[in-house]
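Below you'll find the structure, written out as structure tokens, and then a few comments.
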Ligand code: SAM
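See below:
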């Protein structure tokens, strides 16, 4: 994602009712924030948030939190969010490395990773959101039967993930290298990147992992 600092982004985020300002204070009690005990699903690296806002609109019986570390990107999601009356979604402007400080063990029901940054250099492999280090982090916050769902058009990152995920002790339950022509496409919600890359003719890969 091309990043450009947008003046006023931090201020807009700091005062937005849709952004959880001190998420650590809700650790273990996000149900109170939503006012119900519905399952909690998160997207890590949500970008402009098309995917998670569409999921929230389709599934009012599920709670959603979208996480994006860059304020200039999150600002775009907030602008769209303001047009929607959705009681079941909030955002966090945080780095995914802090997930275990934000969510209590077993508090999250599902984690979505969509078109995560590929970090192609070997020396940056630990930054990939499907690296064993990140999978161990997800292990700390996901409930026992929770899942991680990962989509990308990047063949190298996908091949890496098919190895790194089992390396971290997880099971890959299902995968496809051409999502849009696969039974796994049922109910698929396209992300911004997915729309762009599939329009360019790139096949979309998806996997679902559990422990
Ligand atoms: N998921 C969106 C989509 O599919 O359209 C955006 C994909 S974009 C390539 C990846 C996004 O993940 C970027 O906005 C980036 O800032 C965010 N991101 C990458 N690493 C992150 C991290 N460690 N914590 C939070 N966000 C992260």
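Numbering (this note's numbering), first residue to last: 215 to 425. In this text, a Cβ means the ideal position worked out from N, Cα and C, and glycines have one as well.
Residue 415 is positioned such that its CB atom lies no closer than 9 Å to that of residue 328. A Cβ-Cβ separation of about 6 Å places residue 379 in contact with residue 349 under the 8 Å criterion. In the three-state reduction of the DSSP assignment, residue 287 falls in the helix class. For residue 310, the CB falls within less than 8 Å of some heavy atom of ligand 1. For residue 346, the enclosing alpha helix (DSSP H) has its first and last residue at 346-355. Three or more pairs of CB atoms, one per stretch, sit closer than 8 Å, so the stretch 292-306 contacts the stretch 224-232. 323 is the residue among 331, 330, 374, 323 whose C-alpha sits nearest the C-alpha of residue 352. Residue state for residue 419 is assigned as strand, using DSSP reduced to three classes. Note on geometry: alpha-carbon atoms of residue 332 and residue 283 lie some 16 Å from one another.
Shown here for residue 225: not one same chain residue has a beta carbon closer than 7 Å to its own, the five before and five after excluded. Between residue 410 and residue 402, the alpha-carbon positions lie close to 15 Å from each other.
Residue burial is scored here from C-beta neighbours: residue 302 has at least 16 other C-beta atoms within 10 angstroms and is therefore classed as buried.
Cβ neighbours of residue 219 within its own chain (closer than 7 Å, five residues either side excluded): 286. By the C-beta density criterion, residue 370 is exposed, having fewer than 16 other C-beta atoms within 10 angstroms. At a Cβ-Cβ threshold of 9 Å, residue 422 and residue 387 count as neighbours.
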